[in-house]
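S.K.: Residue numbers (the working numbering): 1 to 603.
Yeah, the Cβ is synthetic: ideal placement off N, Cα and C, and Gly gets one too.
No experiment lies behind these values; they were computed from the predicted model shown.
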RNA sequence: GCCGAGGUAGCUCAAUGGCAGAGCAUCGGUUUUGUAAACCGACGGUUGUGGGUUCGACUCCCACCCUCGGCUCCA
């Protein structure tokens, strides 16, 4: 078999990359040890939790007598620098039989360490290892730098509460997050990325660009301003276009639904606490957190034939989820959301094709954004319904489709929904952050719970399968993500105001309005800046609003029925014929190009 | 829900127990302009809400609301 030269190159660079990853992980893990030692210097009574390396850095959890302050962090960081300067060797100090190790940690008053040792599986062997640098010794599997002097550039970032072992019934410890890199340049670049993310915060941009705002009168629900709504509509139009070609039919279903439906679906048992429940005279009703059971009611309104299937419903209804207050976050986590929800009722023998269709629609719908989807296969959770045999079959099916599609995917053990496994799709944004987007689920449970059936070719009754998916996920969240991805500089097809017409003097107002109408008639979103301001001021304003195209109109343009466009990128032209200009924008808009540039704001 | 931080004019931010202020925005006027900010003036506040301490509270204390960073959760 011939070996592709490119493949060798890729393997080699992958090996290099993973060697570098190992090195960074060892360094960050070592930094965590040094931080623990420093914390013990400041708080001799501190009890230690765990301290792993993570993406971009490390953390360590502590039980401390009082909350940490920013001053404490500085002090701890200084003590770490002192260790770094002291060039202390990291050494494998000893291996102790479990009982002795437990005794040692009891003596040191480290109950969390005792618990870790007690819970180590037998397969880890009869002894546990300890590592030391300076006077600090910690229970540890190993994987360190040779010496504290090898720690590169680091910084302690912030503190946060974290439950011991991630269990909310256990004590809450104080976690200190830090970051560590080989060089100061890499550290600076990372800190720049954090700063850049802060600047792109969608809550800030949403207000500055007049897209959406949040108000305490309706917490965790965005108020969409005209400009935000324009983005929403552009997204919705694209979603409908994608689904129309794929044979979907749009439905709309009620928000307020009696609890019996949720009992049948299983949501009442599993998510009752996260539903808004209302008193409906002598009934109990809930605001719907999901569309599926209602699509099912539509399915059941008539006898279905095998010839009717697949039936594909799209539903853009509003959903309500009573999220715990602490999880709310701008557009990312809201209590009222709208999905581009899709439900396909199909025969078992059509399922593979429907999963293929779903994956292809994900690719298609993401293409104009420049998003490259990756997947996670989320398998059976602890809290679930259905037999193991069912889960096995369903998981394999999803895996096969992913393999076949070639989409890169990872496993998310136990991450499935209570009624079935799912494919979660995520993307990486311009700053290297990952966002979970679409989710695709093959569901055998709801059809059974609702006793769905269709008449088969042989005259018998068969049970359909439901494929659930949402590609944007929720519109709210998606808008938040793309606001940050583009740093507010939306490509033409998404820009709330696509063209700002800038008359030079008041005598050009009539012509400016004529230009606006020409653009609007062509289906573009255009406005005239009719203020009695200087042209430069209007351009600055439009530029700050990240409007992709400005057109200046003055005497020369008016005479020639032309415009003088200026792009957000700074590029400008004089005296372009109005017809040509409109036609050019119309075609770029229709093609949903990433134009003028997607990431110009990042540069 | 839990841990921590925060909330002053529409926005960004000053004022640490003693007269709540600036820039931008807004409004009025002057200016009519060729590719990123014209000039002059005016308006704007129950300092998140409610209680308390004090001669006096933006400032100190308590409760609540909202937001942010995390943890847990995410059908």
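For residue 429, which option in 103, 437, 395 has the closest C-alpha, if you only look at C-alpha atoms?
M.R.: Comparing Cα-Cα distances from residue 429 to each of 103, 437, 395, the minimum goes to 437.
S.K.: When you compare each of 239, 58, 444, 294 to residue 255 by their alpha carbons, which one comes out closest?
M.R.: With distances taken between Cα atoms, residue 255 lies closest to 294.
S.K.: Check for me: the alpha helix (DSSP H) holding residue 70 runs from which residue to which?
M.R.: Element bounds for residue 70: 70-86.
S.K.: Below 8 angstroms CB to CB, which residues in the same chain sit around residue 197 once its five sequence neighbours on both sides are set aside?
M.R.: The answer, listed in chain order, is 431, 433, 484.
S.K.: Taking residue 148 as part of the beta strand (DSSP E), name the residues at either end of that continuous run.
M.R.: Per DSSP, residue 148 belongs to no beta strand (DSSP E) and is neither H nor E.
S.K.: Just the C-alpha distance for residue 219 and residue 508, rounded to the nearest angstrom, thanks.
M.R.: Distance between the alpha carbons of residue 219 and residue 508 is about 45 angstroms.
S.K.: At the level of alpha carbons, what is the spacing between residue 348 and residue 279?
M.R.: Residue 348 and residue 279: Cα-Cα distance of roughly 40 angstroms.
S.K.: So, for residue 200: in the same chain, excluding its five sequence neighbours on each side, which residues have a beta-carbon less than 6 angstroms away from its beta-carbon?
M.R.: These residues qualify, in order along the chain: 484, 487.
S.K.: Is residue 574 near the ligand SAH, with its Cβ less than 7 angstroms from a heavy atom?
M.R.: The model depicted lacks the ligand SAH and carries no ligand whatsoever.
S.K.: Please look up how many angstroms separate the CB atoms of residue 474 and residue 558, rounded, as I've assumed it's under 8 angstroms.
M.R.: Not quite, the Cβ-Cβ distance comes to about 46 angstroms (not below 8 angstroms), so this is no contact.
S.K.: Between 376, 341, 514, 456, which has its C-alpha nearest residue 361's C-alpha?
M.R.: Minimum Cα distance to residue 361 is reached at 341.
S.K.: Mind checking residue 39: buried by the 16 CB within 10 Å criterion, or exposed?
M.R.: Residue 39 should be labelled buried.
S.K.: In chain order, which continuous runs of the alpha helix (DSSP H) of length 4 or greater are located wholly inside the stretch 467-505?
M.R.: With a minimum length of 4 residues, the continuous alpha helix (DSSP H) runs that stay inside the stretch 467-505 are 475-485.
S.K.: With a CB to CB cut of under 6 angstroms and the five nearest residues on each side skipped, what residues in its chain are close to residue 77?
M.R.: Hits under 6 angstroms: 156.
S.K.: Does residue 317 come out as helix, strand or coil in the three-state DSSP assignment?
M.R.: It is coil, neither helix nor strand.
S.K.: Can at least three beta-carbon pairs, one atom from the stretch 126-138 and one from the stretch 80-95, be found at a separation below 8 angstroms?
M.R.: At 8 angstroms Cβ cutoff, the stretches touch.
S.K.: Is the CB-CB distance between residue 110 and residue 47 below 8 angstroms?
M.R.: Result yes, Cβ atoms of residue 110 and residue 47 sit closer than 8 angstroms.
S.K.: Is the separation between the beta-carbon of residue 518 and that of residue 446 shorter than 8 angstroms?
M.R.: Result no, Cβ atoms of residue 518 and residue 446 do not sit closer than 8 angstroms.
S.K.: Taking only the alpha-carbon atoms, compute the straight-line gap between residue 489 and residue 573 and give it to the nearest angstrom.
M.R.: C-alpha separation (whole angstroms): 21 angstroms.
S.K.: DSSP three-state label for residue 117, please.
M.R.: Three-state result, residue 117: helix.
S.K.: Nearest CA to the CA of residue 31: which residue from 213, 60, 281?
M.R.: If we check each option's Cα against that of residue 31, 60 comes out closest.
S.K.: Determine the direct distance from the alpha carbon of residue 69 to that of residue 539, and round the result to whole angstroms.
M.R.: So the alpha carbons of these two residues sit roughly 45 angstroms apart.
S.K.: Using only alpha-carbon positions, find the residue among 467, 289, 173, 103 that is nearest to residue 421.
M.R.: Ranking the options by Cα distance to residue 421, first place goes to 467.
S.K.: Rounded to whole angstroms, what is the Cα-Cα separation between residue 555 and residue 563?
M.R.: Rounded to the nearest angstrom, the two C-alpha atoms are 10 angstroms apart.
S.K.: Quick one: what does DSSP say residue 561 is sitting in, helix, strand or coil?
M.R.: If DSSP states are grouped into helix, strand and coil, residue 561 belongs with coil.
S.K.: Once the 5 residues before and after residue 2 are set aside, which same chain residues still bring their CB inside 7 angstroms of it?
M.R.: Because residue 2 carries a pLDDT of 35, less than 50, the predicted location of this residue cannot be relied on, and no value is offered for it.
S.K.: Please state if the CB of residue 42 and the CB of residue 645 are separated by a distance shorter than 8 angstroms.
M.R.: Nothing in the structure corresponds to residue 645, since the chain is present only between 1 and 603.
S.K.: Any chance the stretch 316-324 sits against the stretch 447-461, with 3 or more Cβ pairs inside 8 angstroms?
M.R.: Touching, no.
S.K.: For residue 91, report the span of its alpha helix (DSSP H) as first-last.
M.R.: No alpha helix (DSSP H) contains residue 91, which is instead part of the beta strand (DSSP E) from 91-97.
S.K.: Report yes or no: do the stretch 281-296 and the stretch 251-267 share at least 3 C-beta pairs separated by less than 8 angstroms?
M.R.: The stretch 281-296, when compared against the stretch 251-267, does touch it at the 8 angstroms Cβ threshold.
S.K.: Taking all protein chains shown into account, decide if residue 221 is buried (16 or more other Cβ within 10 angstroms of its Cβ) or exposed.
M.R.: Buried, by the Cβ-count rule.
S.K.: At which residue ranges does the stretch 240-294 contain complete beta strand (DSSP E) runs of 3 or more residues, listed in the order of the chain?
M.R.: Whole beta strand (DSSP E) segments, 3+ residues: 249-251, 256-258, 277-280, 283-287.
S.K.: Hey, how far is the Cα of residue 388 from the Cα of residue 266?
M.R.: Between residue 388 and residue 266, the C-alpha separation is close to 18 angstroms.
S.K.: Three-state secondary structure (DSSP) at residue 434?
M.R.: Three-state result, residue 434: strand.
S.K.: Buried or exposed, going by whether 16 or more other CB atoms sit within 10 Å of the CB of residue 239?
M.R.: The residue in question, residue 239, is buried, as its Cβ has 16 or more Cβ neighbours within 10 Å.
S.K.: Please confirm whether residue 116 and residue 139 have their CB atoms less than 8 angstroms apart.
M.R.: Yes, the pair counts as a contact, with Cβ atoms nearer than the cut-off.
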